[in-house]
Amino acid sequence: MSETRSKARHRRRRTTLAASVPLALTAAGVLAYGSAPGVLGADAQQTVSAAIAPAAATAAAAAPAWAADVADGFASVNALGQNGTYGGRDGQTVTVRTLTDLEKYATATEPYVIVVAAAINMNPVGKEIKVASDKTIVGQGTSGHIVGGGFFLGQGVHNVIIRNLTIRDSYQGVWNDKDNDFDAIQMDGAHHVWIDHNDLRRMADGLIDSRKDTTYVTVSWNKLSDNNKTFGIGWTENVTASLTIHHNWFRDTEQRNPSTDNVAQAHLYNNYLEDVSGTSINSSYGNYSRGSTKMVLENSYFQGMKNPVQKDSTAAIVQRGNVFSGTSGRNESGGTAFDPKSYYSYTLDSAANVPALLRSGTGPRSSLGVTDTVSTKAATATTITVAKDGSGQYTSVQKAVDAVPAGNGSRVVIAVKPGTYRETVKVPSNKPHVTIQGTGASRNDTVIVYNNAAGTQKPDGSGTYGTSGSATVAVEADDFQARNLTINNDFDEARNQSLSGHQAVALRTAADKVFLDGVIVNGDQDTLLLDTAAKDRLGRVFVTNSYVTGNVDFIFGRATAVIDRSVITLKKRWDGSSAGYITAPSTAAGRKGILINRTTVNGDVSAGTFYLGRPWHAGGDASLDPQTTVRESTLSAAVRSAPWTDMGGFSWKDDRFAEYKNTGPGSGSASGDRPHLTDAQAADQEVADWLGDWTPTAG
16 MSETRSKARH RRRRTTLAAS VPLALTAAGV LAYGSAPGVL GADAQQTVSA
66 AIAPAAATAA AAAPAWAADV ADGFASVNAL GQNGTYGGRD GQTVTVRTLT
116 DLEKYATATE PYVIVVAAAI NMNPVGKEIK VASDKTIVGQ GTSGHIVGGG
166 FFLGQGVHNV IIRNLTIRDS YQGVWNDKDN DFDAIQMDGA HHVWIDHNDL
216 RRMADGLIDS RKDTTYVTVS WNKLSDNNKT FGIGWTENVT ASLTIHHNWF
266 RDTEQRNPST DNVAQAHLYN NYLEDVSGTS INSSYGNYSR GSTKMVLENS
316 YFQGMKNPVQ KDSTAAIVQR GNVFSGTSGR NESGGTAFDP KSYYSYTLDS
366 AANVPALLRS GTGPRSSLGV TDTVSTKAAT ATTITVAKDG SGQYTSVQKA
416 VDAVPAGNGS RVVIAVKPGT YRETVKVPSN KPHVTIQGTG ASRNDTVIVY
466 NNAAGTQKPD GSGTYGTSGS ATVAVEADDF QARNLTINND FDEARNQSLS
516 GHQAVALRTA ADKVFLDGVI VNGDQDTLLL DTAAKDRLGR VFVTNSYVTG
566 NVDFIFGRAT AVIDRSVITL KKRWDGSSAG YITAPSTAAG RKGILINRTT
616 VNGDVSAGTF YLGRPWHAGG DASLDPQTTV RESTLSAAVR SAPWTDMGGF
666 SWKDDRFAEY KNTGPGSGSA SGDRPHLTDA QAADQEVADW LGDWTPTAG
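So in the working numbering, spot 196 of the sequence shown is number 211, and the numbers just go up one at a time.
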């Protein structure tokens, strides 16, 4: 992008964002979910369509793709007559909006996938629905709330999945409540349970209680916050239970984080325990191994916690790779435990990366859930396999794209096996409905990379590539998707200082309904170009659970784009200096620009050296109305106190730049140099406002 980069109001249009893709940031930037890392369960190629449902419970004729997901960890182990945890995938899918319907299907003897599509108030307060075996209870997008109560899994109940829900507010005004037992999820003698991607908070007793020999449980990617007694395990003299607890964010929770009593195998890894300073909640302890528990505690991050790790004299804790920042009091280990890998496979994230991963990746996902009904004719995608070793149909990603017929009317998945593919890839506008998907365990395993820059001469001698032409991957086709891979431009600025034009795009999109899911997009200047096919054309892009790295204007263009629950990593420039700009929108008047939502901004750069953005009036076009909104995100100290700046003679104050409820050392209070949205304004600048009538859905 060149360095030379009348207002219209957007009419509010509220839609529910609910796509059928659960995403998690895992090992070394890996997306691992259920049995198929980086994708949604065993049938990630299934397209799920939707229609508007009637008001009560709606039965669906076919299950969404994510309903095939299965648990990892101890919940995946074949034991007690149950081979893993897959919930209600063999039953009917229903959508519920009332307490009556939720209880009807949750307590039924038949298997069900139960999609909670509204906030359901428990009556009376504290009610815990008695869930029967073979159930998946999942929130639709972020709209599934259980308010004032929760779920109870009794003796022998098994094969239950609880995902993507917000369960909250049975708290009755007494912080250390001794009178009420109003849990979010209580399990007494259950087995094979997967609790995943929930937001659990402000309950009158426990957020999760796993009691009375409940076993083969996996608790993953949950946010547990604002609570006293958080996660208790035990209430038994027996030493038989096995639990896996990974990638959970414990934030401002006083005790039981968890407290683990008489557990035969407790495997805790990649959790983030944070005691936020200056709040009324103070931690009393973190991970506690009690009784005869044997605990393996790996690569977790403890921040500000008192007594972060402690054990009874009869218990064991084996610690490996944990990080302790600002902690105090007891930090203990000792004894012998067990080898988790003798029960199941897993991959560790670096402990240093855990805070950023979990701030972005825990809790309900806007892209998990289904819309109101699922069509009876779910089409199966065509799959083309690419492999460097010749074991696929093609050895080149571009050759696979070339094989897609022009004007294709249904999804084509290009499944790319692990490897480094040094090539440029272009998906032309006449080939919609294409998915490029890495098949490795990590998004790092499949890499598409090239090193063109704006000033690079074309091989045919016809001139230079220019900024847009430098892209490693260029997408001009609508309804494109990419997931579980890395797209990189590794142009070396230091070695090419004589070259005119150092802009080097990794990924360029110029299409509508582009869904980037669990990817890494890596470069320096102009990494991610989010454009439209023409100035008067709409181009929506949804980026979730991904990494974008760069230094100068590295998220830019005129698209209506959402960066959701991702990590934006700031890089130093070629000469080692710290200075840059994250966004450079060139939004058309009357359109939405760039929305950064619930995302972490970090990187190994100097404090106060990066702007959140500047207005790019491409070609000096004064009719443009650039927009960037950064909301509910965590900003590192690298962000300047006055985070917006002018560009090419155009003042940022004449365009649309604002923040809302950001946190972190790089956040700041509202001022003339740092505008903040009011609550009313923020209500019109949510993800659904950006996407309009489009619901990103896995394909």
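Think of the CB as a built atom: it goes at the ideal place given N, C-alpha and C, for glycine as much as any other residue.
- Any idea if A703 is buried or exposed, counting beta-carbon neighbours within 10 angstroms, 16 or more meaning buried? buried
- Task: Would you kindly work out how many angstroms separate the C-alpha atoms of D493 and P641, rounded to a whole number?
- Result: Rounded to whole angstroms, D493 to P641 spans 23 angstroms at the Cα level.
- Entirely within the segment 601-679 and at least 3 residues each: give me those beta strand (DSSP E) ranges in chain order. 609-612, 615-617, 625-628, 642-646 and 671-675
- Message: Using a 10 Å radius around the Cβ and a threshold of 16 neighbouring Cβ atoms, would you call A421 buried or exposed?
- Response: exposed
- Item | Alpha-carbon to alpha-carbon, N138 and S185 | 11 angstroms
- So, helix, strand or coil for K150, using DSSP? strand
- Cβ-Cβ separation, S561 to V520 (assumed contact under 8 angstroms), whole Å: Between S561 and V520 the Cβ distance is about 16 angstroms, and since that is not below 8 angstroms, they are no contact.
- Task: Note down the Cα distance separating A43 from A367, rounded to an integer number of angstroms.
- Result: Low confidence applies to A43: its pLDDT is 27, below 50, so where it sits in the model is not reliable, and the reading given next is rough at best. Using only the alpha carbons, I get a separation of about 11 angstroms.
- Quick one: give me the first and last residue of the alpha helix (DSSP H) that S340 is part of. Here S340 belongs to no alpha helix (DSSP H); instead the beta strand (DSSP E) covers V338 to S340.
- Pairing CB atoms from the segment 272-289 with CB atoms from the segment 357-366, are three or more of them under 8 angstroms? yes
- How would you label E125, buried or exposed, when you count the other beta carbons within 10 angstroms and need 16 or more for buried? exposed
- Message: When you compare the CB positions of A599 and D568, do they come within less than 9 angstroms of one another, or not?
- Response: Yes; because the gap between Cβ atoms is below 9 angstroms, this pair is in contact.
- Message: Here's a check: name, in chain order, each residue in its chain whose Cβ is nearer than 7 angstroms to the Cβ of Q715, leaving out the five neighbours to either side.
- Response: As displayed, the chain neither begins before 16 nor continues past 714, which places residue 715 out of reach and without an answer.
- Going by the CB atoms, is the gap between S411 and H448 shorter than 9 angstroms? no
- Query: On the three-state DSSP scale, how would you describe L373?
  - Reply: helix
- Task: Whole angstroms is fine: what's the gap from R29's alpha carbon to T710's?
- Result: Low local confidence applies: a pLDDT of 32 at R29 is under 50, so the model's placement there is unreliable, with the coordinate-based value given in what follows. Their backbone Cα atoms lie some 12 angstroms apart in a straight line.
- Query: So, helix, strand or coil for A134, using DSSP?
  - Reply: strand
- Message: Beta-carbon within less than 6 angstroms of G103's beta-carbon, same chain only, minus the 5 sequence neighbours each way: which residues are those?
- Response: P126, Y127, V128, D149, K150 and T151
- Task: Tell me Q97's beta-bridge partners as DSSP assigns them.
- Result: A94
- Item | Three-state class that DSSP yields for G481 in the structure shown | Three-state DSSP puts G481 in a helix.
- Query: D224 bridges to which residues according to DSSP?
  - Reply: DSSP, once it has assigned bridges, lists Q201 and G247 as partnering D224.
- Message: Buried or exposed for D636, going by 16 or more other Cβ atoms inside 10 Å?
- Response: exposed
- According to DSSP, what are the bridge partners of E438? Its beta-bridge partners do not exist; DSSP assigns none.
- Message: With distance defined between alpha-carbon atoms, name the residue in R606, D579 and A415 nearest to G572.
- Response: R606
- Candidates S292, T255, H262 and T294: closest to V275 by CA position: The sequence as given places Thr at residue 275; Val does not occur at that position. Ranking S292, T255, H262 and T294 by Cα distance to T275 puts T255 first.
- Query: Roughly how many angstroms lie between the CA atoms of A59 and A713, to the nearest whole one?
  - Reply: Low per-residue confidence applies at A59: pLDDT is 27, beneath 50, and the placement is therefore not dependable enough to give any value.
- Item | Cβ shell of A147 (< 8 angstroms), same chain only, five flanking positions each side left out | Cβ neighbours of A147 beyond the five flanking positions: A121, T122, A123, T124 and V172.
- Which residues in the same chain as G164 place their Cβ atom closer than 7 angstroms to its Cβ, once the five residues preceding and following it in sequence are excluded? M137, V140, G141, K142, E143, S185 and F197
- Message: Quick check on the burial criterion: 16 or more other C-beta atoms within 10 angstroms. Buried or exposed for K446?
- Response: buried
- Give me the Cα-Cα distance between G221 and R271, rounded to the nearest whole angstrom. 9 angstroms
- Item | Delimiting residues of the beta strand (DSSP E) encompassing A279 | V278 to Y284
- Go to L114, then tell me how far its alpha helix (DSSP H) extends in each direction, as first and last residue. L114 to A121
- So what's W589 in DSSP terms, helix, strand or just coil? coil
- Item | Extent of the continuous beta strand (DSSP E) to which A576 belongs | T575 to D579
- Task: Within the same chain, show all residues whose beta-carbon is closer than 8 angstroms to that of A90, passing over the 5 residues directly before and after it, in chain order.
- Result: G99, T100, H207, V208, W209, Y231, V232, T233 and T259
- Message: My parser needs the beta strand (DSSP E) runs of 3 or more residues fully inside the segment 495-579; what are they?
- Response: 496-504, 522-525, 529-537, 543-546, 555-559, 562-565, 567-572 and 575-579
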